[in-house]
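J.: Heads up: the sequence shown at position 317 corresponds to 317 in UniProt numbering, and the numbers run straight through without jumps. Below: one structure in C-alpha cells.
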Amino acid sequence: MSNLAKAINSDLMTSHCGRFYIDGKNITLNTFSDFVDGRSSAHVAPQLDDTFFNESINILNHSLASGRKIYGVNTLFGGMANQESSDAITLQKQLILSHLSGVGNALPDEDIKGAMLLRANSLCHGVSGIRKEIVERYLMLANNHVLPLVHEFGSIGASGDLVPLSAMAAAVCGISEQSKLKVKGEYSNSIAVLNKLGLTPFELRPKEGLALINGTSVLTAIAANNCNKLSNLFALHVNIQTLIAEIMECDVNPFSDFIQRNRPHPGQIAIAKLLRESLSKSKMVREKSQIEADLMNNDLIQDRYSIRCMPQYLGAIIEDLFAIEKTVQIEMNSATDNPLIDTERQTHVHGGNFLGQHIGMAMDKQRICVALMAKHNEAQLAMLVEPSFSRGLNPSLLDEKGKGVHVGIKPLQILSNSLTPLLEHKANPLCTHFPIHAEQFNQNLNSQGFGSAQLTRESITIFTKQVAVMCIVVAQAACQRSNQKGDWKKDLYSQRSKDLLQSISKVLDVDLFSSTSPVESSSSGNYSAWLERLTFAIEHNKLPGAKSIDWENIELT
C-alpha cells in the first residue's frame, strides 16, 4: 500500500474493484461513473511516460529561449495580454492565487472527484506543457478521495472554469495557505494535509498554472454526472410509462412497426420496439375488437396522446439524450487549455478549446428533456385520478376502504403539481444570457456552461422526487385495476411492470401482490417517509432503471 493510503488510513485503495488507465481519449460515461463511485481507480497509461510529457515542455522552453511571445507564459492574461510578464515562474503561481474568488457552498464530492479525473485526462494529450508528476498527483488524491474545496459560484465557462480549477490547483499543488482538502469528510489546510501525506508543494513552471486552470473540466464533470443520473431516470420513466399503458389497457397498434416505418426517426423506432416487446405478453392490453366494442360504452376509439404518442414523444427525448451524452463524452476526452503545443510542428498555437459552449448548450437542452418527462408524468397522473379519463379507476385512486375518510393520492398529485412548474422554469436556457462585457470585453463570448450544468443537476434532483411520486401512484393504480379485474396482480402485467412493482413493493415494505394497496397502507401518514425511501432507492439505482433496458443495442444514429 502506498504511503498516501497509509497516511490517511484509507480503505479505498484496497476496495477498488479495478483500475483503468487514462490516455486523454478513452474515458467513457461508464468508466467515469465507476471512478466517481469508487468502483475503480484511475492511473496514467504506461505509454505516457516522462518523455511523452517532456516533449511539449521542451518545445515550450525552446520557444521561450528563442524570444517567442507566448500567451500566459511571458505575457499577462485576457484583456491584459498586451503586457509582458517579468517573471514567468511567479506569474503561474499568481495566476492561481488571483483567481481564488469562488463563493457559495462546496460542490458535491462526485463533481470534484470527476473534475480531477477529467483535468488529468485533458493534460494527458501531451500538448499542455506540464509535468507528469502533477497529473499523477491529481489522480493519486482523487483515488483516495482526498478532495479540494471548490465553491459553487465563480465560473462563466468562458476561459474554462478558471475560478473552480484555481481552487483545485491551489489545494492539490499546495500553493495557498487558504486552500483546503477534504480527508475523511473534513476540510483541513491543504498544505498541512499534503505535509501529513508526505507530499511537497509544487513550484509551478512556465505555463503549468495556465494548463491547470484553463479548461472545462469542472463543468464537464457535473455534466457527466448529470448524464449518468438521467440515463437511469429516463429508463425508469419508460418503465413507469409501460406500466401506465397496461393500467389503461392500451391499444398496442400505435406501437407497431408499420407506424414507425412511415416516420422513421430512430428514437421513435427504438421506443416503439421497446414497448412492443414489453407488452407482448401482457394480459392488460386490449385487442382491436375489444376496443371497437368498448366504443359502444362511450370509450374513445383510440388512446389519449400521453399513451398513444409515447414513441414519438419519448423518441424525441431519447435522441436528444443520446446526442448530449456524445457531446459530453467528446468533451471529457479533449485538451481544453490555451495555448496548445503542437509537438509535430514544434510550435505553439493559440486557440479557444476552453469555451464550454458545447456543454452549456447540452445542459440547457438536458433540462428541457427533464421538463418534458415531468410534463408527461403530469398528464398521466391527471388521467389516472379522474374516473372519466381513467376507464373507471376511483377518484384520486381512493381505496374502497377509505371512502368517506381519506382523499386518496390527491396530496401526491398536488406535490407533483408543485414540482413540475419549477422544472418548466428551469428549462429556460442559460447559455443565451451571457454578458458580452466579461473580462475587459475579452471574454465577450461565454458559455455559462458551469451554471447550466448546476441548474441541470438541480432539475434532476427535483425530477427524482416527482418520479418517486409516480412510483406510488402507479403502484396504487395497478393494484386498483387488477382488483377490478378480480385477478391476481402478478398474472396480469408484463414482466417489466412486474419487476417494477416488485421493486416498489420492496422499498415501501408493502406487499403490492396482496389485497393491501399503498393508499390503504398509508392511512397513518406514510407518504413523506415513502417518498424519502423511494428517492434514495432511485438515486442509488435500486429500482429497474438503466440496467433494465439494453441501451447498447438501441441504434440511434
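No residue lacks a Cβ here, since even glycine has one placed at the ideal position from N, Cα and C. Predicted model, so just to flag it, every value in this text is computed and none were measured.
1) Would residue 540 be called buried (16 or more neighbouring beta carbons within 10 Å of its own) or exposed?
2) For residue 148, which of helix, strand or coil comes out of DSSP?
3) Can you say whether residue 166 is buried or exposed, counting buried as having 16 or more other CB atoms within 10 angstroms of its CB?
4) Between the alpha carbons of residue 117 and residue 156, how many angstroms are there, rounded?
5) Flag this pair as yes or no: are the beta carbons of residue 45 and residue 35 separated by less than 8 Å?
6) Within 8 Å, do at least three Cβ pairs link the stretch 222 to 238 to the stretch 250 to 270?
7) Apply the 10 Å Cβ neighbour rule to residue 437 and answer buried if 16 or more other Cβ atoms are within range, or exposed otherwise.
8) Sorted by chain position, which residues of the same chain lie with C-beta nearer than 7 Å to residue 136's C-beta, five sequence neighbours on each side aside?
9) Starting from residue 193, follow the alpha helix (DSSP H) in both directions and report where the run begins and ends.
10) Compare the C-beta of residue 122 with all C-beta atoms of chain D and state if any pair is closer than 8 Å.
11) Rounded to the nearest angstrom, what separates residue 185 and residue 172 at their Cα positions?
12) Could you tell me whether the Cβ atoms of residue 474 and residue 330 are closer together than 8 Å?
13) Excluding sequence positions up to five away, which residues of its chain have a Cβ less than 7 Å from the Cβ of residue 55?
14) Rounded to whole angstroms, what's the CA-CA distance from residue 526 to residue 411? Just pull it up for me.
15) In angstroms, rounded to a whole number, what distance separates the CA positions of residue 40 and residue 359?
16) On the CB-based measure, 16 or more other CB atoms within 10 Å of its CB, does residue 380 come out buried or exposed?
17) Please say whether residue 481 and residue 393 have beta carbons closer to each other than 8 Å?
18) Counting C-beta neighbours from all protein chains within 10 Å, is the total for residue 387 16 or more, i.e. buried, or is it exposed?
19) For residue 23, does the three-state DSSP call read helix, strand or coil?
20) So, using beta-carbon positions, are residue 446 and residue 158 closer together than 8 Å?
21) Give me the Cα-Cα distance between residue 174 and residue 181, rounded to the nearest whole angstrom.
22) How many whole angstroms separate the CB atoms of residue 238 and residue 314, which I take to be in contact at a CB cut-off of 8 Å?
23) So residue 246 packs on residue 274, CB below 8 Å; how close in whole Å?
T.: In terms of the structure at hand:
1) The residue given as residue 540 occupies position 540 in the sequence shown. Label assigned to residue 540: exposed.
2) To locate residue 148, count along the sequence shown from 1; it is residue 148. Here residue 148 sits in strand by DSSP.
3) Locating residue 166 in the sequence shown gives position 166, counting from the first residue. It counts as buried.
4) Within the sequence shown, the letter at position 117 stands for residue 117. Within the sequence shown, the letter at position 156 stands for residue 156. Taking the straight line joining both Cα atoms gives about 21 Å.
5) Residue 45 sits at position 45 when you count from the first residue of the sequence shown. Residue 35 sits at position 35 when you count from the first residue of the sequence shown. No.
6) no
7) Translated into positions along the sequence shown, residue 437 becomes position 437. Residue 437 comes out exposed.
8) The residue given as residue 136 occupies position 136 in the sequence shown. Closer than 7 Å at Cβ, skipping near neighbours: 44.
9) Mapped onto the sequence shown, residue 193 falls at position 193. First-last of the alpha helix (DSSP H) with residue 193: 190 to 196.
10) In the structure shown, chain D cannot be found, because there is only a single protein chain.
11) The sequence position of residue 185 within the sequence shown is 185, counting from 1. The sequence position of residue 172 within the sequence shown is 172, counting from 1. Each residue's Cα considered, the two are about 17 Å apart.
12) Position 474 of the sequence shown, counted from the start, is the residue given in the question as residue 474. Position 330 of the sequence shown, counted from the start, is the residue given in the question as residue 330. Cβ distance not < 8 Å, so residue 474 and residue 330 don't count as in contact.
13) Translated into the one-based positions of the sequence shown, residue 55 becomes position 55. For residue 55, where only same-chain residues beyond five positions count, the Cβ hits under 7 Å are 126 and 343.
14) Against the sequence shown, residue 526 aligns to sequence position 526. Against the sequence shown, residue 411 aligns to sequence position 411. Going by the C-alpha atoms only, they are around 12 Å apart.
15) In the sequence shown, counting from the first residue as 1, residue 40 sits at position 40. In the sequence shown, counting from the first residue as 1, residue 359 sits at position 359. Whole-angstrom Cα-Cα distance: 25 Å.
16) The residue labelled residue 380 in the question sits at position 380 within the sequence shown. The residue is buried, with at least 16 neighbouring Cβ atoms inside 10 Å.
17) Here residue 393 refers to the residue found at position 393 of the sequence shown. Here residue 481 refers to the residue found at position 481 of the sequence shown. Yes. Within cutoff.
18) In the sequence shown, the residue the question calls residue 387 occupies position 387. Exposed is the call here.
19) Walking along the sequence shown from the start, residue 23 turns up at place 23. Looking at residue 23 - three-state DSSP - the assignment turns out to be coil, as it is neither helix nor strand.
20) If you number the sequence shown from 1, residue 446 lands on position 446. If you number the sequence shown from 1, residue 158 lands on position 158. The answer is yes: Cβ separation under 8 Å.
21) As a first step, residue 174 is located in the sequence shown; it is residue number 174 there, counting from the start. As a first step, residue 181 is located in the sequence shown; it is residue number 181 there, counting from the start. Distance between the alpha carbons of residue 174 and residue 181 is about 10 Å.
22) As a working note, residue 238 is residue 238 in the sequence shown. As a working note, residue 314 is residue 314 in the sequence shown. Contact flag correct, Cβ pair sits at about 7 Å.
23) If you number the sequence shown from 1, residue 246 lands on position 246. If you number the sequence shown from 1, residue 274 lands on position 274. Not really, about 14 Å apart at Cβ, beyond 8 Å.
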